[in-house]
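In terms of this note's numbering, the sequence shown opens at residue 355 and continues consecutively. In this text, a Cβ means the ideal position worked out from N, Cα and C, and glycines have one as well. Fair warning: this is a prediction, and the values are worked out from it, not measured in the lab.
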Amino acid sequence: MAEEKDLDLSGRRAIVTGASRGIGMAIAERLSRNGAKVALVSRRKESLEDAAMKLSGETLVVPANTSNSEDIERIVPAVVEAWGGVDILVNNAAANPVFGPLVDLPVNGWDKIMATNVTGPFLLIQAAARVMIAQGKGAIINIASIGGLEPSPMVGAYCISKASVIHMTKVFAMELGSKGIRVNCIAPGLVETKFAELLINTPEIHQASINRAALQRHGQPEEIAGAAHYLASDSSSYMTGQVMVIDGGVRY
Ligand SMILES: NC(=O)c1ccc[n+]([C@@H]2O[C@H](COP(=O)([O-])OP(=O)(O)OC[C@H]3O[C@@H](n4cnc5c(N)ncnc54)[C@H](OP(=O)(O)O)[C@@H]3O)[C@@H](O)[C@H]2O)c1
Numbered sequence: 355m356a357e358e359k360d361l362d363l364s365g366r367r368a369i370v371t372g373a374s375r376g377i378g379m380a381i382a383e384r385l386s387r388n389g390a391k392v393a394l395v396s397r398r399k400e401s402l403e404d405a406a407m408k409l410s411g412e413t414l415v416v417p418a419n420t421s422n423s424e425d426i427e428r429i430v431p432a433v434v435e436a437w438g439g440v441d442i443l444v445n446n447a448a449a450n451p452v453f454g455p456l457v458d459l460p461v462n463g464w465d466k467i468m469a470t471n472v473t474g475p476f477l478l479i480q481a482a483a484r485v486m487i488a489q490g491k492g493a494i495i496n497i498a499s500i501g502g503l504e505p506s507p508m509v510g511a512y513c514i515s516k517a518s519v520i521h522m523t524k525v526f527a528m529e530l531g532s533k534g535i536r537v538n539c540i541a542p543g544l545v546e547t548k549f550a551e552l553l554i555n556t557p558e559i560h561q562a563s564i565n566r567a568a569l570q571r572h573g574q575p576e577e578i579a580g581a582a583h584y585l586a587s588d589s590s591s592y593m594t595g596q597v598m599v600i601d602g603g604v605r606y
């Protein structure tokens, strides 16, 4: 079969947050396999180094807490110093440290969720976009959730944060389109990762979430990575400000 050149990421410089495991690691692997140099970001250096060893191409390990603005300030300069620019940003790291009714959520739980899921991605888009504007090109992909499209019980603040990510995608897409920068997001359903452990290991939730999906199963991280590859590549060159839902057929 002929190779599709517009999916080739050779020479592209990518940043993937939350790249040490789960969906972020699958995206990092996929981008790397298709030619991109990948800067892997998450809090733990050792886990990042382990993940980087599994990638085929050039990598950079950038330990940083994406809920901390000082840490975020270091990420883009580190990549620019190593590779001279940034072509792809995948905002994937997120947190959901609380489970319970929104009415009982302490403000520190709210602040933690918003810092990691909303403020961190926002600051990183600002930093990457400044470099991409100078280049005249770039692709930004935010990982949201179907929880950002419709509310789920017990994870209210997380759902609100992901709705913010979806709208942030649209606003940045509108502002940055004329500069050659595309901004899209992916809204996964339940994907089998450490993040979703609690849901997957609770038998009633496990079965209920399978029953809700037309495909009658949970997703795997690699099934999100293909969409990120498409959105990062020239194959999606006329697409911006959009939400790709990948949930096995939960929402229509
Ligand atoms: N799994 C699902 O069912 C599901 C569904 C919908 C949406 N999502 C979204 O998909 C994305 C990835 O989730 P996942 O399921 O792959 O989670 P995961 O397996 O738990 O991985 C999370 C990654 O983010 C990193 N991380 C967490 N907090 C961080 C912080 N403050 N700063 C920097 N890195 C941080 C983690 O590494 P360290 O802990 O070492 O920092 C890890 O690399 C998230 O945006 C999540 O909301 C997941």
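Taking the Cβ atoms as the reference, Ala-393 lies roughly 4 Å from Leu-414, within the contact range of under 8 Å. Residue nearest to Gly-595 within the set Glu-577, Ser-532, Lys-524 is Lys-524 (criterion: CA-CA distance). Secondary structure in the segment 507–582: the beta strand (DSSP E) runs of 3 residues or longer, each lying completely within the stretch, are 535–542 in chain order. In the assembly as shown, Lys-516 is a buried residue. Its beta-carbon has 16 or more other beta-carbons within 10 Å.
By the CB criterion at 9 Å, Val-444 and Thr-371 fall inside the cutoff. Judged by beta-carbon spacing, Arg-367 lies within the 9 Å limit of Gly-438, meaning their Cβ atoms are closer than that value. Annotation for Val-519: Asn-471, Val-472, Pro-475, Asn-496, Ala-498, Gly-502, Cys-539 place their beta carbon closer than 7 Å to its own, counting only its chain and skipping 5 residues before and after. Within the chosen limit of 8 Å, ligand 1 reaches the beta carbon of Thr-371 through at least one heavy atom. At least 9 Å separates the beta-carbon of Ala-579 from that of Val-604. In this structure, Ile-487 lies near Lys-533, with their beta-carbon atoms less than 9 Å apart. In the pairwise beta carbon analysis, the segment 372–389 is classified as touching the segment 546–554: at least three pairs are separated by under 8 Å. Assigned with DSSP and collapsed to three states, Lys-408 falls in coil, not helix or strand. Look at Pro-417 here: in three-state DSSP terms it is strand. The beta carbon of Ala-469 lies closer than 6 Å to those of Ser-421 in the same chain, with the five residues before and after it left out. In this structure, Ala-493 lies away from Val-434, with their beta-carbon atoms at least 9 Å apart. Per the coordinates, the alpha-carbon of Arg-428 lies some 17 Å from the alpha-carbon of Ile-442. Val-452 carries a coil assignment under DSSP once its states are collapsed to helix, strand and coil. In this structure, Gly-510 keeps its C-beta atom at 9 Å or more from the C-beta atom of Gly-602. As the crow flies, the alpha-carbon of Thr-556 is around 14 Å from that of Val-545. Judged by DSSP in its simplified three-state form, Lys-399 adopts helix.
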